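J.:
In this note's numbering, the protein residues as written are 199 to 369.
(1) Quick check on residue 286: does DSSP put it in helix, strand or coil?
(2) For residue 245, which of helix, strand or coil comes out of DSSP?
(3) Curious, which full-length alpha helix (DSSP H) runs of at least 4 residues does the segment 269-348 contain?
(4) Are there three or more Cβ pairs, one per stretch, closer than 8 Å when the segment 211-226 is compared with the segment 241-248?
(5) Check whether the segment 306-315 and the segment 252-267 touch, using three or more Cβ-Cβ pairs below 8 Å as the test.
(6) Using alpha carbons as the reference points, say which of 276, 265, 311 and 313 lies closest to residue 295.
(7) First and last residue of the alpha helix (DSSP H) that includes residue 219?
(8) Are there 16 or more other CB atoms within 10 angstroms of the CB of residue 347, so buried, or fewer, so exposed?
(9) Would you grab the beta carbon distance between residue 266 and residue 274 for me? Rounded to a whole angstrom, and I think it's under 8 Å.
(10) Label residue 297 either buried or exposed according to how many other C-beta atoms from any shown protein chain fall within 10 Å of its C-beta, with 16 as the threshold for buried.
(11) For the alpha helix (DSSP H) that contains residue 239, what are its first and last residues?
(12) Going by the CB atoms, is the gap between residue 312 and residue 269 shorter than 7 Å?
(13) Between the alpha carbons of residue 214 and residue 271, how many angstroms are there, rounded?
(14) Flag this pair as yes or no: are the beta carbons of residue 229 and residue 238 separated by less than 7 Å?
(15) DSSP on residue 259, reduced to helix/strand/coil?
(16) Determine the DSSP secondary structure at residue 265, reduced to helix, strand or coil.
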């Protein structure tokens, strides 16, 4: 059976990583938050989305509802609350874990799609730039080959005014 991974993927969102770290500190009984430290010393510290959010320093709404932004963290909190990290015992629990796995995989697929799209667009942009540069180079080569071995510093153009004569300077 599949079960939720405790180790995060390499490119995880920093907020999700903060929630996971906070959850692990609460499971270990070593919170950093003063209020939660007091509860831990009294032995009344419970693992729930509110305490994990307080420990992480982020909003509870990110993990506190069924359709939250971080469903995997929510599922990990539920598992920690129940104290079960082993195989599911009921069909409902199995379905919940499979849904959490599916949600995690969908997030990863979307990340991979976004990366692939970014790489594709960068490649297309680079190809367009290369085509433009190649066109410029071809035009310059044609211009140079048409002029031969001599390149004029000042182009010979009849429409340009000539230098003033001596008579014009005397006036």
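Cβ atoms here follow ideal geometry from the backbone N, Cα and C, with glycine treated the same way.
Computed from a predicted structure; not experimentally measured.
T.: The structure says:
(1) coil
(2) coil
(3) 269-280 and 289-345
(4) yes
(5) no
(6) 276
(7) 212-226
(8) exposed
(9) Between residue 274 and residue 266 the Cβ distance is about 12 Å, and since that is not below 8 Å, they are no contact.
(10) exposed
(11) 232-240
(12) no
(13) 7 Å
(14) yes
(15) helix
(16) coil
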